[in-house]
Each structure stands twice: as C-alpha cells, then as structure tokens.
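Novice:
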Amino acid sequence: MKKPQRIQRYSAPERINHWLVAICFVLAAVSGLGFFFPSFNWLMQIMGTPQLARILHPFIGVVMFVAFLLMFFRYWRHNLLERNDILWAKNIHKIAQNEEVGDTGRYNFGQKCVFWAAILSLVLLLLSGVAIWRPWFAGYFSIPLIRLALVVHSVSAVVLIVVIMVHVYAALWVKGTITAMVEGWVSVSWAKRHHPRWYRSLREQQNPPRQHEKGP
Ligand code: HEM
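Each residue of the sequence shown is one higher than the one before, starting from 1 at the first, in full-length UniProt numbering.
(1) Determine the burial state of S142: buried for a count of at least 16 other Cβ atoms within 10 Å of its Cβ, exposed for fewer.
(2) In angstroms, rounded to a whole number, what distance separates the CA positions of V33 and N17?
(3) From which residue to which residue does the beta strand (DSSP E) around W136 run?
(4) Please return the same chain residues whose Cβ sits closer than 8 Å to the Cβ of A171, not counting the five positions on each side in sequence.
(5) Note down, in chain order, each residue of its chain lying with its Cβ closer than 6 Å to the Cβ of A149, except the 5 sequence neighbours on either side.
(6) With DSSP as the reference, label V168 as helix, strand or coil.
(7) Where does H153 land, buried or exposed, given buried means 16+ other C-beta within 10 angstroms?
(8) I'd like the list of long-range same chain contacts for S187, defined as Cβ closer than 7 Å, with 5 residues on each side in sequence excluded.
(9) Count the CB pairs spanning the stretch 78-87 and the stretch 57-67 that are closer than 8 Å, and state whether there are at least three.
(10) Return yes when at least one heavy atom of the ligand HEM lies under 6 Å from the C-beta of A180, else no.
(11) Three Cβ pairs or more, each shorter than 8 Å: is that satisfied between the stretch 31-45 and the stretch 98-112?
(12) Determine the extent of the beta strand (DSSP E) in which I60 is found, giving its start and end residues.
(13) Would a C-beta distance cut-off of 7 Å place V30 and I55 closer than the cut-off?
(14) Does R197 come out as helix, strand or coil in the three-state DSSP assignment?
(15) Measuring alpha carbon to alpha carbon, tell me which residue in P208, V158 and S189 is nearest A117.
(16) For F115, which of A138, Y75 and A67 has the nearest alpha-carbon?
(17) Roughly how many angstroms lie between the CA atoms of A53 and A89, to the nearest whole one?
(18) Cβ of L126 within 7 Å of Cβ of F65?
(19) Around the C-beta of W19, are 16 or more other C-beta atoms found within 10 angstroms, so that it is buried, or is it exposed?
(20) Output the boundary residues of the beta strand (DSSP E) element that contains V186.
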C-alpha cells in the first residue's frame with residue numbers, strides 16, 4: 001500500500017512536553033478521585049500507597065502546571081478566537097457527522113475551547129491547591145478560605161477531567177490525528193481536510209510566491 005505523504009506537526013520536544021502533561025494529569029486525576037470519593041479510595045494505590053499519593057499529588061500537580069505553561073506559551077497565538085470559529089461552532093452538528101466547515105487554521109474551535117478551559121482550570125487548581133497544601137502552605141490561610149479553596153479545587157478538577165475526556169475522544173475519533181502527538185506527523189490529506197488554512201500557510205512558507213505572482 002502506498003504510504004501517505006507526511007507533514008510534521010509536532011517536534012520531539014513538543015511531544016515530550018505534551019506527554020509529560022498527560023502522564024501528570026492521569027496520576028493527579030486518579031489519585032485526586034481517590035481522595036475525594038470514599039468508594040474510589042483504592043485509586044490512591046496508583047502511587048504505591050495512599051500516604052505516598054497524599055505527598056506526591058501536589059508535587060505532580062505543580063509539574064503538570066509548569067509543563068502546561070510551556071505549551072501555553074508555545075500555542076496561545078494559534079488558539080486565539082477568530083471569525084471562522086463562529087461558523088465552526090454554528091455547524092457543530094455537521095462536525096459531529098464528520099463533515100468539515102470553514103477555513104480552519106492550525107486549530108479548530110473545539111481544540112481552542114479545550115486549550116483555554118485547560119489553562120483556566122489549571123490556574124485555579126494551582127491557586128486553590130497551594131491554599132490547601134498541608135503541611136507547607138495551608139497554615140497561612142484562614143479556615144473559610146481553605147473551605148472555599150477546597151470547593152474551587154474540586155470543581156476545577158472535575159471540569160478539567162471532563163474537558164480532557166472530550167480531548168482524548170476527539171484525538172482518537174478524528175482519524176489520523178493521534179500520529180501527530182505520537183510520531184509527530186500527519187498526512188497531507190488530513191491537513192488539507194481538517195486544517196486547510198494551516199496547510200496553505202505551510203506550503204507558502206516552503207514555496208513563497210514570487211514578487212510578480214503576488215496580488216496587488
Ligand atoms: C491523556 C491522553 C491524551 C491524549 C491521547 C492526547 C492527544 C492529543 C493529540 C493527538 C493532540 C494533537 C492534536 C492536533 O494537533 O490536532 C493533542 C494536542 C494537545 N493536547 Fe493532548 N492528549 C492527551 C492529554 C492532554 C492533557 C492532559 C492536556 C492538558 C491538560 C492536553 C493538552 C493538549 C494541547 C494544549 C494540545 C495542542 C492543541 C491546542 O493547542 O489546541 N492533552 N493531544
């Protein structure tokens with residue numbers, strides 16, 4: 001079978017960065033669910049023992065935050081909202097039927113929502129997490145503030161877990177996407193179909209139009 005023509009979407013450091021975030025997310029989410037629901041207490045074993053989970057969970061959270069911050073600075077420009085996104089959002093029923101709508105750039109509206117929801121919930125998780133982090137920081141905060149921080153921490157964790165479930169579902173559901181984050185490449189047909197404006201901009205970078213070919 002003929003191999004598809006490939007385009008690089010992520011470099012090795014970008015992929016390592018992403019999978020570090022993903023591993024930290026799984027560890028923090030699973031141990032966090034273990035702390036929160038008595039029926040899930042057994043999930044704390046993910047770190048060996050519940051005691052270890054209790055100690056390591058906040059450190060893993062900080063590593064995830066810092067690693068995501070690197071992704072944030074790398075991709076925020078590509079995730080800014082634009083006119084095309086309204087069209088995409090209005091036609092979400094077509095997207096759900098595997099049709100494409102609009103002239104999508106590097107990321108579509110759904111991916112942009114995941115991006116901004118992730119940074120917002122991670123900032124809230126970090127701030128509230130510091131306030132409830134015993135024995136290091138919690139002593140500096142009042143009991144009502146710690147109670148508020150516990151609510152903020154739990155709600156933002158649930159939001160992030162739901163958002164990442166959607167993200168993983170989309171990554172597996174859109175055929176040809178997962179290779180982007182595993183091996184770094186996507187096929188030309190994937191790029192043309194799902195991110196046509198991104199594809200054209202890559203082509204233009206490789207073959208810039210000569211002066212006399214440019215428009216007025
Ligand atoms: C746990 C399993 C995960 C899988 C299978 C997965 C899969 C993927 C794939 C395939 C892409 C490339 C999409 C594309 O370029 O079109 C991607 C991009 C991305 N992922 Fe994940 N991911 C996972 C976890 C996470 C987590 C936990 C976060 C953040 C908390 C995250 C944040 C991102 C971001 C920010 C991008 C770049 C897209 C953008 O900036 O809008 N991922 N992921």
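All residues carry an ideal CB built from backbone N, CA and C; glycine is no exception.
Specialist: Reading from the atomic positions:
(1) Burial check for S142: the Cβ neighbour count within 10 Å stays below 16, so the residue is exposed.
(2) Residue 33 is actually Leu in this sequence, not Val. Rounded to whole angstroms, L33 to N17 spans 24 Å at the Cα level.
(3) No beta strand (DSSP E) contains W136, which DSSP labels as neither H nor E.
(4) Excluding sequence neighbours, A171 sits near T177, I178 and M181.
(5) S128, A131 and I132
(6) helix
(7) Taking all protein chains shown into account, H153 has 16 or more neighbouring C-beta atoms within 10 Å of its C-beta and is therefore buried.
(8) Same-chain partners within the cutoff: P4, Q5, R6 and G176.
(9) With a cut-off of 8 Å on Cβ pairs, the stretch 78-87 is not in contact with the stretch 57-67, counting fewer than three such pairs.
(10) yes
(11) no
(12) Looking at the DSSP string, I60 is not in any beta strand (DSSP E); the run it does join, the alpha helix (DSSP H), is P50 to Y75.
(13) no
(14) helix
(15) Selected option, being the one with the closest Cα: V158.
(16) Residue Y75 is the option with its Cα nearest to F115.
(17) 40 Å
(18) At the C-beta level, L126 and F65 come within 7 Å of one another.
(19) W19 should be labelled exposed.
(20) W185 to S187
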